[in-house]
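One structure is given here, and the rest of the page talks about it.
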Amino acid sequence: MAKLGKFEVLDHPLIQHKLTIIRNENCGTREFRQVVNEIAELMAYEVSRDMPLEDYEVKTPITKTVQKRLAGKKVVIVPILRAGLGMVDGILELIPAAKVGHVGMYRDEKTLKPTEYFVKMPDNLASRDIFIVDPMLATGGSAIMAVDALKKRGAVNIKFVCLVAAPEGVKALRDAHPDIDVFAASLDDHLDENGYIVPGLGDAGDRLFGTK
Ligand code: URA
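Each residue of the sequence shown is one higher than the last, beginning at 185 in our numbering.
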């Protein structure tokens, strides 16, 4: 049976402080982009806590010794287009050898069915740790679709990493995919009638890219 995933709020003081900066409506594009990456980097430290290690013999200037190094295949960071892109560079600061896959989806206006328009992944997904990233977990619709898209391609060890989560989105994602771990920097209050997280930070994609 698949393991049961967890939901964890990563509320380190630095993360809380930086999140307050980007919640402010007066935070401009440049600072928003920078601080989103800083939060993603801090989160990556915690999210990668259970990465597997192996013994490795190293010769120091003094003697030979057996120490640890990361084992297995490289991690894959998978931003959900487009806002997820804003978290990639921050995670790469900490895990520079990670691969980066991409998932883009839209909802078909007629059928209302989620449709992939772009999925590009590295090989051997089944044996890699995968971090799907998207700043906002709102209804959970795109997160669920992204996990579906990855599982369909063989992924097993999936973590979902967001900055701000709504309780509705966390529930939907965990109901659909109980095996994955979900990490957020904040669990906010609720979704409003337009699907925005309250108090949230507005449209993360628009704020990252300076669009309207
Ligand atoms: N997507 C966003 O960018 N912001 C929200 O509040 C909800 C979904």
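Quick reminder that beta carbons are idealized off the backbone N, C-alpha and C, glycines included. Keep in mind that this is a model prediction, so the values were computed, not measured.
Any non-hydrogen atom of the ligand URA within 6 Å of residue i CB
{"i": "aspartate 376", "result": "no"}
Assigned secondary structure, residue i (DSSP; H/G/I helix, E/B strand, else coil)
{"i": "histidine 201", "result": "helix"}
{"i": "leucine 226", "result": "helix"}
{"i": "asparagine 341", "result": "strand"}
{"i": "isoleucine 275", "result": "helix"}
{"i": "valine 354", "result": "helix"}
{"i": "aspartate 387", "result": "coil"}
{"i": "threonine 244", "result": "coil"}
{"i": "leucine 237", "result": "strand"}
Reference residue i; option with closest CA among the options
{"i": "alanine 369", "options": "Ala356, Val287, Met271 and Ser326", "result": "Met271"}
{"i": "lysine 187", "options": "Val340, Tyr240 and Val287", "result": "Val340"}
{"i": "aspartate 318", "options": "Lys257, Asp239 and Val262", "result": "Val262"}
{"i": "arginine 358", "options": "Asp390, Gly324, Gly379 and Ser232", "result": "Gly324"}
{"i": "methionine 320", "options": "Met305, Pro383 and Val259", "result": "Pro383"}
{"i": "isoleucine 264", "options": "Ile205, Ala281 and Ile328", "result": "Ile328"}
{"i": "isoleucine 223", "options": "Val331, Pro245, Leu278 and Gly256", "result": "Leu278"}
{"i": "isoleucine 199", "options": "Ile342, Phe216, Arg207 and Leu226", "result": "Leu226"}
Neighbourhood of the ligand URA [Cβ distance below 5 Å to any heavy atom], ordered by chain position:
Met320, Ala322, Tyr380, Ile381, Gly384, Asp387 and Ala388
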